[in-house]
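Sequence order for the protein chains is A and B. Position one of the first sequence corresponds to residue -2 (the numbering used here), numbered consecutively onward. Position one of the second sequence corresponds to residue 397 (the numbering used here), numbered consecutively onward. Don't be surprised by glycine CBs; every beta carbon is placed ideally from N, CA and C. On a predicted model such as this, the values are computed, not experimentally measured, just so you know. This report refers to the structure that appears directly beneath it.
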Amino acid sequence: MNDVLAERRIPIIKIGDFLIVSIQVDMHDRMAIELQAQILKELSKTGAKGVLIDISVLEMVDSFIGRMLSGMASMAAIMDASVVIVGMQPAVAITLVELGLKMPNVATALNMGKGIEMLEKKLIQRNMEGA
Amino acid sequence: MEEGLTIKNLKERVNKIENILSSVAAGDMEARINSEVEDDFTGVEEAIDLLINDLTDELQQREKTQKELEERLATIQEQQKTILQQQEDLLELSSPVIKVWDNVVVLPVIGTLDSRRTQIMMENLLQKIVDTSCTIAILDITGVPTIDTQVANHLIKTVTAARLLGAECIVSGISPAIAQTIVHLGIDLSSIQTRATLQESMRYAFQQNNQSVVESGTQEHSPHGETK
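Here it is, written out as structure tokens:
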């Protein structure tokens, strides 16, 4: 069982200052928890400034995964990185809203391109503030 | 023969009654006894004939009524079908989502909103946002006379869902009556961007896109009347 889970781990790719996580399979709860830990570990290891989580192929997001994503954003924010959820499907958005998960602290983007743009803008803003 | 009764051919006549009754029971409403003999038993036979007559009338009446009812039911069903069809057409027609500019879609809402219509509107809008990759959606409710709590709730849900997709939703054209209702109902719209008119929300949308509309001839301008 553990081997199977390890095999189906979701890859985390670092491009430039950002981590890109593309979720291609329907996640179960344990996988979600592991992914969260993995992303945070990778964040501290690489010092990335942003995380893009692509959920465009996820057809079902339950309250647990929704909470995981929302928690992910808060945790990353503490670690000085921003999270952008990318490519959510309309049906998923409706489900989350109906479940009462409004995720006010999570940034979202329509596609990967717009997500990267958003993170870059944030990074520039941050650098300007720092200067 | 018993005293005081004169009945001729009793056995034969009882047999005939039996036969007639069984054919009536089998559905032959024309069968009658039509006794030609006049004696004490004739009254019984005539009474049976009368009963059969009444029964026939009754049955015919019932058949007629049933036919009428069936016809009426068919008409009603036909009308029902038309109504359903039209309702569906109306729902399809009533929520067009228009892409008006790069990155901007507008959903003009006209007429009374009910939960079902708002639901379909919401689905259409979200789908269009994903299809066109527009990050700004304007929900113009100038043409809506009144809203209730449920519809207001739906509007908030739509705006929240659009945000989850990565688009910003602006609500414009809130009439004085609706503004009053919203505040009286205690609905908090502070999380939603609202603009007075469609024009104002377009201006906001251009601002968000780093575009501006410039009158031709006054400043340097691009062919589209916008400068980037």
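### Query
Mind checking if Ile113 of chain A is an interface residue toward chain B, Cβ cutoff 8 Å exclusive?
Within the first sequence, numbered from 1, the residue matching residue 113 of chain A stands at position 116. For Ile113 of chain A, the answer is no, since every Cβ of chain B falls outside 8 Å of its Cβ.
### Task
Reducing DSSP to helix, strand and coil, say where Phe602 of chain B ends up.
Numbered from its first residue, the second sequence carries residue 602 of chain B at position 206. Looking at Phe602 of chain B - three-state DSSP - the assignment turns out to be helix.
### Task
Taking Ile566 of chain B as the reference, give the member of B:Asp536, B:Thr577 and B:Ile578 with the closest Cα.
What you label residue 566 of chain B is simply residue 170 of the second sequence in a count that begins at 1. Cα-wise, what sits closest to Ile566 of chain B is B:Asp536.
### Classification of Val54 of chain A by the beta-carbon crowding that lies within 10 angstroms, buried from 16 upward
Counted from its first residue, the first sequence places residue 54 of chain A at position 57. With fewer than 16 Cβ atoms within 10 Å of its Cβ, Val54 of chain A is classed as exposed.
### Query
With 16 other CB atoms within 10 Å as the buried threshold, where does Glu441 of chain B fall?
Here residue 441 of chain B corresponds to residue number 45 of the second sequence, with the count starting at 1. In summary, Glu441 of chain B is buried, with 16 or more beta-carbon neighbours lying within 10 Å of its beta-carbon over all protein chains present.
### Assigned secondary structure, Ile429 of chain B (DSSP; H/G/I helix, E/B strand, else coil)
Counted from its first residue, the second sequence places residue 429 of chain B at position 33. Three-state DSSP puts Ile429 of chain B in coil, outside helix and strand.
### Message
Could you tell me the alpha carbon to alpha carbon distance between Ser419 of chain B and Val433 of chain B, rounded to whole angstroms?
### Response
Against the second sequence, residue 419 of chain B aligns to sequence position 23. Against the second sequence, residue 433 of chain B aligns to sequence position 37. Counting only the Cα atoms, Val433 of chain B lies some 22 Å from Ser419 of chain B.
### Task
Kindly indicate which three-state DSSP category Asp485 of chain B falls into: helix, strand or coil?
Translated into positions along the second sequence, residue 485 of chain B becomes position 89. Asp485 of chain B: helix per DSSP, three-state reduction.
### Query
From Ile448 of chain B to Glu459 of chain B, what does the alpha carbon distance come to, in whole angstroms?
For the purposes of this step, residue 448 of chain B is taken as the residue at position 52 of the second sequence. For the purposes of this step, residue 459 of chain B is taken as the residue at position 63 of the second sequence. Linking Ile448 of chain B to Glu459 of chain B through their CA atoms gives a straight-line distance of about 16 Å.
### Query
Closer than 8 Å, Cβ to any Cβ of chain B: which residues of the region 49 to 75 of chain A, in chain order?
Per Cβ criterion, the list is empty.
### Task
Could you tell me whether the region 91 to 98 of chain A touches the region 60 to 69 of chain A, using the rule of 3 or more Cβ pairs below 8 Å?
yes
### Task
At 3 residues or longer, and completely inside the region 523 to 574 of chain B: list those beta strand (DSSP E) runs for me, N to C.
532 to 539 and 564 to 568
#### Entry: Residues in the region 88 to 120 of chain A having any Cβ partner in chain B nearer than 7 Å
Answer in chain order: Ala90, Ile91, Leu93, Val94, Lys99, Met100, Thr105, Ala106, Leu107, Asn108 and Lys111.
### Residue nearest to Leu401 of chain B in terms of C-alpha spacing, selected from B:Asp436, B:Lys553, B:Ile429 and B:Ile472
In the second sequence, counting from the first residue as 1, residue 401 of chain B sits at position 5. When only C-alpha atoms are compared, the closest one is B:Asp436.
#### Entry: Contact set between Met85 of chain A and chain B, taken where Cβ atoms lie within less than 8 Å
Taking the first sequence and counting its residues from 1, one reaches residue 85 of chain A at position 88. Residues of chain B whose Cβ lies closer than 8 Å to the Cβ of Met85 of chain A are, in chain order, Leu560, Leu561 and Gly562.
### Query
Where does Ala29 of chain A sit, in a helix, a strand or coil, going by DSSP?
The residue you call residue 29 of chain A lines up with position 32 of the first sequence. Looking at Ala29 of chain A - three-state DSSP - the assignment turns out to be helix.
### Query
Any idea which residues DSSP pairs Pro504 of chain B with across the strands?
Within the second sequence, the letter at position 108 stands for residue 504 of chain B. Among the bridge pairs identified by DSSP, Pro504 of chain B is matched with B:Asp536.
### Query
Considering only C-alpha positions, which residue in the set A:Glu56, A:Met76 and A:Met72 is nearest to Asp23 of chain A?
For the purposes of this step, residue 23 of chain A is identified with residue 26 of the first sequence, where counting begins at 1. With distances taken between Cα atoms, Asp23 of chain A lies closest to A:Glu56.
### Message
Output needed for Lys46 of chain A: all residues of its chain with C-beta closer than 6 Å, excluding positions within five of it in sequence on either side, in chain order.
### Response
In the first sequence, counting from the first residue as 1, residue 46 of chain A sits at position 49. Contacts found: Asp14, Ala78 and Leu120.
### Message
Does the contact criterion of 3 or more C-beta pairs under 8 Å hold for the region 470 to 479 of chain B versus the region 487 to 505 of chain B?
### Response
no
### Query
What residue from B:Ile403, B:Thr542 and B:Arg591 has the CA that sits closest to Gly569 of chain B's CA?
Mapped onto the second sequence, residue 569 of chain B falls at position 173. Comparing Cα-Cα distances from Gly569 of chain B to each of B:Ile403, B:Thr542 and B:Arg591, the minimum goes to B:Arg591.
### Task
May I ask you to list, following chain order, the residues of the region 539 to 556 of chain B that have a beta carbon less than 8 Å from some beta carbon of chain A?
Lys553 and Thr556
### Backbone CA spacing between Glu564 of chain B and Ala470 of chain B [nearest angstrom]
The residue you call residue 564 of chain B lines up with position 168 of the second sequence. The residue you call residue 470 of chain B lines up with position 74 of the second sequence. Those two C-alpha atoms are separated by around 50 Å.
### Query
Taking the continuous alpha helix (DSSP H) assigned at Ala422 of chain B, which residues delimit it?
Within the second sequence, numbered from 1, the residue matching residue 422 of chain B stands at position 26. That residue, Ala422 of chain B, is in no alpha helix (DSSP H); it is neither H nor E in DSSP.
### Task
Measure how close the beta-carbons of Ile543 of chain B and Leu509 of chain B come, nearest whole angstrom, since I'm counting them as under 8 Å.
The count along the second sequence starts at 1 and reaches residue 543 of chain B at position 147. The count along the second sequence starts at 1 and reaches residue 509 of chain B at position 113. Going by Cβ atoms, the distance from Ile543 of chain B to Leu509 of chain B rounds to 6 Å, so yes, they are a contact pair.
### Span of the beta strand (DSSP E) around Lys11 of chain A
Counting from one through the first sequence, the residue named residue 11 of chain A turns up at place 14. Residues Ile9 to Ile12.
### Message
Below 8 Å on the Cβ atoms is my contact criterion, and I expect Gln604 of chain B with Ile532 of chain B to pass it. Report the Cβ-Cβ distance as a whole number of Å.
### Response
Working through the second sequence from its first residue, we reach residue 604 of chain B at position 208. Working through the second sequence from its first residue, we reach residue 532 of chain B at position 136. The Cβ separation is near 6 Å, so the contact holds.
### Task
With a 10 Å radius around its C-beta and 16 neighbouring C-beta atoms as the bar for buried, classify Lys118 of chain A as buried or exposed.
Residue numbering aside, residue 118 of chain A sits at position 121 when the first sequence is read from its first letter. Lys118 of chain A comes out exposed.
### Task
Using beta-carbon positions only, say whether Ile7 of chain A and Leu37 of chain A come within less than 8 Å of one another.
Here residue 7 of chain A refers to the residue found at position 10 of the first sequence. Here residue 37 of chain A refers to the residue found at position 40 of the first sequence. No, the pair does not count as a contact, with Cβ atoms beyond the cut-off.
### Task
State buried or exposed for Pro87 of chain A, treating a residue as buried only when at least 16 other CB atoms are found within 10 Å of its CB.
Position 90 of the first sequence, counted from the start, is the residue given in the question as residue 87 of chain A. Buried: at least 16 other Cβ atoms inside 10 Å.
### Query
Under 8 Å between C-beta atoms, does Glu611 of chain B make it to chain A?
For the purposes of this step, residue 611 of chain B is taken as residue 215 along the second sequence, with counting starting at 1. Taking Cβ atoms only, chain A never reaches closer than 8 Å to Glu611 of chain B, which makes this a no.
### Message
Is there a Cβ of chain A sitting closer than 8 Å to that of Glu596 of chain B, yes or no?
### Response
One-based indexing of the second sequence puts residue 596 of chain B at position 200. For Glu596 of chain B, the answer is no, since every Cβ of chain A falls outside 8 Å of its Cβ.
### Query
Is the shortest distance between the beta-carbon of Met518 of chain B and the beta-carbons of chain A less than 8 Å?
Mapped onto the second sequence, residue 518 of chain B falls at position 122. Yes, its Cβ sits closer than 8 Å to a Cβ of chain A.
#### Entry: Through-space distance from Leu465 of chain B to Cys530 of chain B, alpha-carbon basis
Locating residue 530 of chain B in the second sequence gives position 134, counting from the first residue. Locating residue 465 of chain B in the second sequence gives position 69, counting from the first residue. Those two C-alpha atoms are separated by around 56 Å.
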